[in-house]
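K.L.:
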């Protein structure tokens with residue numbers, strides 16, 4: 026027999042702070058949570074992102090004519106120790122897999138490095154060997170292809186072998202396994218974790234008249250091997266996978282009070298916003314005219330439009346799109362909103378707004 030629980034406030038969407046977003050940093054804002062759940066969810070996701078995400082890294086190097094890492098190389102400024110240290114900072118985004126491939130398969134990439142007199146002369150007496158010189162012909166995506174590995178001052182022709190694989194966290198050289206060492210192969214410590222920093226903050230937020238609910242702010246910084254959004258998504262999926270193990274203990278299913286009175290209040294509040302005329306939100310003349318030409322008269326008709334469709338309107342550019350998104354954000358709305366829980370969609374938005382306004386007018390007359 027199912028057990029009924031009281032209503033839980035749950036976040037409906039994740040907002041990304043686009044003003045501060047970069048390729049390796051993003052600030053995610055999630056609300057509302059019940060009091061205390063901001064810290065619970067924030068710490069949970071932070072620990073997974075820092076410790077459990079996987080990315081490829083270099084496991085070892087073998088350079089022709091170099092028997093160990095504590096020696097100088099003729100015609101190379103750096104010794105082998107410095108070359109190994111430089112390789113540790115190489116960032117590789119993914120390893121494409123075949124139908125039967127495994128991300129933990131160790132892959133060997135061999136490169137015949139041929140540095141000529143002409144290359145030395147063009148570089149003013151030296152040639153800077155970068156990561157793309159060693160891996161550009163492989164199937165790997167290089168996040169930092171121009172990362173410096175070593176500098177050659179004399180012509181040379183050497184074969185360089187690199188082993189790569191996926192892993193988690195930081196793995197010292199003595200813990201690498203799954204492959205047979207070649208003669209003169211130098212095994213390296215490997216940093217697999219693609220997430221560099223995760224901070225989270227919890228603030229108070231309002232739901233109705235109550236102000237003691239949680240707003241969770243997650244700041245995620247990666248090294249480029251995954252994007253911040255990918256890192257957060259992977260962490261959530263890993264967490265969900267682990268929680269599934271506890272489903273076997275379920276003796277009674279629980280369901281939650283939907284809080285219909287609150288839903289009705291929310292519906293009333295959002296319909297008030299959706300019924301606003303476009304000229305009531307103080308857009309620029311250009312944006313207002315573009316929306317008028319597209320026969321968009323109310324905020325409701327605007328928010329059900331996806332961004333990509335907005336950009337197809339005549340004389341409507343990214344500047345107008347940014348302005349509209351900012352105005353909608355001030356109202357707690359966004360383009361392409363899912364309003365299905367209020368029974369509102371793109372096909373009936375005009376009728377719903379008209380019916381609501383007539384209902385209000387009738388109530389005021391009474």
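In the numbering used here, the protein residues as written are 26 to 391. No residue lacks a Cβ here, since even glycine has one placed at the ideal position from N, Cα and C.
(1) So the candidates are 308, 311, 328, 338; which of them puts its Cα closest to the Cα of residue 319?
(2) Taking C-alpha atoms, which residue in 349, 280, 282 lies nearest to residue 314?
(3) Note down, in chain order, each residue of its chain lying with its Cβ closer than 6 Å to the Cβ of residue 124, except the 5 sequence neighbours on either side.
(4) Mapping DSSP to helix, strand and coil, what is residue 323?
(5) With a threshold of 16 other CB atoms inside 10 Å of the CB of residue 215, please say whether the residue is buried or exposed.
(6) Under the DSSP definition of a beta bridge, which residues are partnered with residue 211?
(7) Return the CA-CA distance between residue 143 and residue 152, expressed in angstroms with no decimal places.
(8) Under a three-way DSSP split, which group does residue 7 fall into?
(9) By DSSP's criteria, residue 244 is part of a beta bridge. Which residues make up the other side?
(10) Using a 10 Å radius around the Cβ and a threshold of 16 neighbouring Cβ atoms, would you call residue 47 buried or exposed?
(11) Below 8 Å between beta carbons: does that hold for residue 49 and residue 248?
(12) Considering only residues of the same chain and omitting the five flanking positions on each side of residue 76, which have a CB-CB separation below 8 Å?
(13) Can you list, in chain order, the residues of its chain whose CB lies under 7 Å from that of residue 298, leaving out five sequence neighbours each side?
(14) Hey, which unbroken runs of the beta strand (DSSP E) at 3 residues or more fall wholly within the segment 56-113?
(15) Please go through the segment 259-308 and give each complete alpha helix (DSSP H) segment of 4 or more residues, from N-terminal end onward.
(16) Just checking, does the segment 235-244 make contact with the segment 52-66 on the three C-beta pairs under 8 Å criterion?
(17) Straight-line CA distance for residue 130 to residue 165?
(18) Between the C-alpha atoms of residue 40 and residue 342, what's the straight-line distance to the nearest angstrom?
(19) Which residue's Cα is closest to the Cα of residue 234: 262, 182, 294?
(20) If you drop the 5 nearest sequence neighbours on each side, which residues of the same chain put their C-beta closer than 7 Å to that of residue 84?
(21) Given residue 111, which residues of its chain have a CB within under 6 Å of its CB, disregarding the five upstream and five downstream residues?
(22) Report the residue ranges of all alpha helix (DSSP H) runs contained in full by the segment 153-196; include only those spanning at least 4 residues, in chain order.
(23) If I'm right that residue 23 touches residue 303 with Cβ under 8 Å, what's the distance once you round it to whole angstroms?
P.N.:
To lay it out plainly:
(1) Numbered from 1 along the chain shown, position 294 holds the residue referred to as residue 319. That would be 338, whose Cα lies nearest to the Cα of residue 319.
(2) Your numbering for residue 314 matches position 289 in the chain shown. Among 349, 280, 282, the Cα nearest to that of residue 314 belongs to 349.
(3) Indexing the chain shown from 1 puts residue 124 at position 99. Residue placement at residue 124 cannot be trusted, given a pLDDT of 49 that sits under 50; what the coordinates show is reported in the next sentence. None.
(4) Residue 323 sits at position 298 when you count from the first residue of the chain shown. Residue 323 falls in the strand class under three-state DSSP.
(5) Taking the first residue of the chain shown as position 1, residue 215 is located at position 190. Classification of residue 215: buried, given that the 10 Å Cβ count is 16 or more.
(6) As a working note, residue 211 is residue 186 in the chain shown. 86, per the DSSP bridge assignment.
(7) For the purposes of this step, residue 143 is identified with residue 118 of the chain shown, where counting begins at 1. For the purposes of this step, residue 152 is identified with residue 127 of the chain shown, where counting begins at 1. For residue 143 and residue 152, the distance between alpha carbons rounds to 10 Å.
(8) Look at the range of the chain in this structure, 26 to 391, and you will see that residue 7 is not part of it.
(9) Stepping through the chain shown from its first residue, residue 244 is reached at position 219. Per DSSP, 52, 224.
(10) Looking up residue 47 in the chain shown gives position 22. Label assigned to residue 47: exposed.
(11) The residue given as residue 49 occupies position 24 in the chain shown. The residue given as residue 248 occupies position 223 in the chain shown. Going by C-beta atoms, residue 49 is nearer than 8 Å to residue 248.
(12) Here the question's residue 76 lines up with position 51 in the chain shown. Cβ neighbours of residue 76 beyond the five flanking positions: 193, 194, 218.
(13) Counting from one through the chain shown, the residue named residue 298 turns up at place 273. 324, 356, 358, listed in sequence order.
(14) 79-88
(15) 285-299
(16) yes
(17) Here the question's residue 130 lines up with position 105 in the chain shown. Here the question's residue 165 lines up with position 140 in the chain shown. Computed Cα separation, rounded: 14 Å.
(18) Locating residue 40 in the chain shown gives position 15, counting from the first residue. Locating residue 342 in the chain shown gives position 317, counting from the first residue. Approximately 23 Å, taken between the alpha carbons.
(19) The residue labelled residue 234 in the question sits at position 209 within the chain shown. Here the closest residue by C-alpha is 294.
(20) Against the chain shown, residue 84 aligns to sequence position 59. Counting only Cβ-Cβ distances below 7 Å, and skipping sequence neighbours, we find 131, 188, 189, 190, 201, 212, 213, 215.
(21) Along the chain shown, read from residue 1 onward, the residue named residue 111 stands at position 86. Hits under 6 Å: 174.
(22) 156-160
(23) Here the chain has residues from 26 to 391 only, and residue 23 is not among them.
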